[in-house]
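S.K.: Sharing a structure, written as structure tokens. Questions coming.
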Amino acid sequence: MKIGITCYPTYGGSGAVATELGIGLAARGHEVHFISYAQPFRLSGFRERVYFHEVEMERYPLFEHPHYTLALAAAIHDTALRESLDLIHVHYAIPHATSAWIAREMLEDNGGPPLVTTLHGTDVTLVGLHPSFHPITRFSIMRSQGITAVSDFLKAVTVRDFGVPGERIRVIPNFVDTELFRRGRDPCHREVFAPAGEKIVMHVSNFRPVKRVVDVIEVFAGIRRAVPARLVMAGDGPDRPRAAERARALGVERDVVFLGKHGAIEELLSCADLFLMTSDRESFGLAALEALSCGVPVVGYGVGGLPEVVPDGEAGVLVPVGAVEEATAAATRLLADPARWRRFSDAARAVAVERFAVPCILPMYEAYYESVLADGGP
Ligand code: GMT
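When the letters of the sequence shown are read in order and numbered with the working numbering, they come out as residues 3 to 380.
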């Protein structure tokens, strides 16, 4: 199959999943064409059957705001024609599903390759809900020949808030490369982050308000009072200064490392002892899954699709949003009890390998593509 994939190329779960999917499909013999404004951050090195098409943005003084949605539509249209794509798969509805719809309309008699839209999270739970975006988001989702959601939670929200019939949405969970994300990798940076044998607590995100990174700092400060530990904060975004300020106010700034954006998260997760995810909404929680795959138990808020990923009380502990003290107690108990930690760590790895590994999920996408190609959808 020749598949066009559009995603955000920047640091974030939807771009990571789209890229890993493309790489995995190419490894299974498909031809994959990424179409975006920059090379996706996890797409490095040469890979057979993988191509990247950069969206050209013409600058013109009249355009105070560049027309990315149109430029992307033109690029999808052009790639579909030149490469004879069989299928277009866009990740994150806004504006990708709209651009792809325009591209299909431009193709003769609307007979372009079918469009599959994967809903990831705030395209449905936040941005898409805004009154100015809701109608066009709904329209673009409904005009897709295939619709997937990354969790049962996200499917239910899409049905409830957008009126999309449930039978039109297929849940295909995110996945993880369990060979890459595993414990005991070399290099392992434990010595660098925890030279005195401290426990390593980690958080990875884009530091947007939904991630509540200040809560991460507060939980860590509580852990730090009971267990020698260091916190590694990977990623960047608008709330980083607030998190740094909170760390200073709580007197733990010397034990918190702000790494900024990092391209090889697996090298860090492979030697972490605990992962914190304190988002107030999370349709899936890919970073948590990557932690589980490295045998790292997750403590976080039990919102959205996260409970579908992290079995509460087995591979992690999930508490209500804002329950900083409960999260602190759960995290401290895990880090202070080696036998309990080992049980949780083994369970974490098992969840990733048995339910979310590439061989479990990739064939679901292939089968779904086949069904969309066969009859325009399941
Ligand atoms: O929706 C977003 O906020 C962005 C998106 C991303 O690109 O990082 O995150 C969403 O998609 C990820 C991949 O499917 C999920 O793991 C995240 O849970 C989800 N984010 C939210 O729901 C807040």
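Cβ atoms here follow ideal geometry from the backbone N, Cα and C, with glycine treated the same way.
Only a predicted model underlies this, so the values are computations on that prediction, with no experimental measurement involved.
(1) Between S285 and the ligand GMT, is the CB less than 8 angstroms from at least one heavy atom?
(2) Which residues mark the beginning and the end of the beta strand (DSSP E) in which M235 is found?
(3) Check D217 in the structure and name its three-state DSSP category.
(4) CA-CA distance, F346 and R185?
(5) Compute the Euclidean distance between the alpha carbons of P380 and V126, then round it to the nearest angstrom.
(6) From the DSSP output, which residues share a beta bridge with Y303?
(7) Considering Cα atoms alone, identify which of D217, V311, L291 and L308 is closest to T330.
(8) Taking 8 angstroms as the limit between beta carbons, can you name the residues of its chain near I5, skipping five residues before and five after?
(9) Which one or two residues does DSSP pair with L276 in a beta bridge?
(10) Rounded to whole angstroms, what's the CA-CA distance from M279 to A151? Just pull it up for me.
(11) For F36, write down the residues that DSSP places opposite it in a beta bridge.
(12) Which same chain residues, not among the five before or five after R232, have their C-beta less than 8 angstroms away from its C-beta?
(13) For P380, which of helix, strand or coil comes out of DSSP?
(14) Taking its Cβ as the centre, do 16 or more other Cβ atoms sit within 10 Å of H67, making it buried, or is it exposed?
(15) Tell me which residues share the same chain as A158 and place their Cβ nearer than 6 angstroms to its Cβ, disregarding the 5 neighbours each side in the sequence.
(16) May I ask you to verify whether the stretch 286-298 touches the stretch 338-353, counting CB pairs closer than 8 angstroms and requiring at least 3?
(17) By DSSP, does F260 sit in helix, in strand, or in coil?
(18) Comparing the CB of D275 with every heavy atom of the ligand GMT, is any distance shorter than 8 angstroms?
(19) Look up L156 in the DSSP assignment and say whether it is helix, strand or coil.
(20) Below 7 angstroms CB to CB, which residues in the same chain sit around R49 once its five sequence neighbours on both sides are set aside?
(21) What does a CB cutoff of less than 6 angstroms around Y53 pick up in its chain, not counting 5 residues either side in sequence?
(22) Is I281 close to the ligand GMT? I mean its beta-carbon at under 8 angstroms from any heavy atom of the ligand.
(23) At a threshold of 8 angstroms, does S295 count as lining the ligand GMT (C-beta to nearest heavy atom)?
(24) At which residue ranges does the stretch 57-96 contain complete beta strand (DSSP E) runs of 3 or more residues, listed in the order of the chain?
(25) To the nearest angstrom, how far is it from the Cα of P133 to the Cα of V206?
(26) Nearer than 8 angstroms: is that true of the beta carbon of G304 relative to any heavy atom of the ligand GMT?
(27) Quick one, which of G15, A317, R227 and I143 has its alpha-carbon nearest P167's?
M.R.: Concretely, from the data shown:
(1) yes
(2) A231 to A236
(3) helix
(4) 14 angstroms
(5) With a pLDDT of 46 at P380, under the threshold of 50, the modelled position of that residue is not reliable, and no figure is offered here.
(6) V321
(7) D217
(8) G24, L27, H32, E33, V34, H35, L87, D88, L89, I90, H91 and Y371
(9) V203
(10) 21 angstroms
(11) I7 and F54
(12) F195, A196, E200, K201, I202, V203, D257, V258 and V259
(13) The pLDDT assigned to P380 is 46, lower than 50, so where the model puts this residue is not dependable; a value taken from the coordinates is nonetheless given after this. Coil.
(14) exposed
(15) none
(16) yes
(17) strand
(18) no
(19) helix
(20) I25 and A28
(21) H35
(22) Note on residue identity: the sequence assigns Ser, not Ile, to residue 281. Yes, Cβ of S281 sits closer than 8 angstroms to a heavy atom of the ligand GMT.
(23) no
(24) 89-93
(25) 31 angstroms
(26) no
(27) I143
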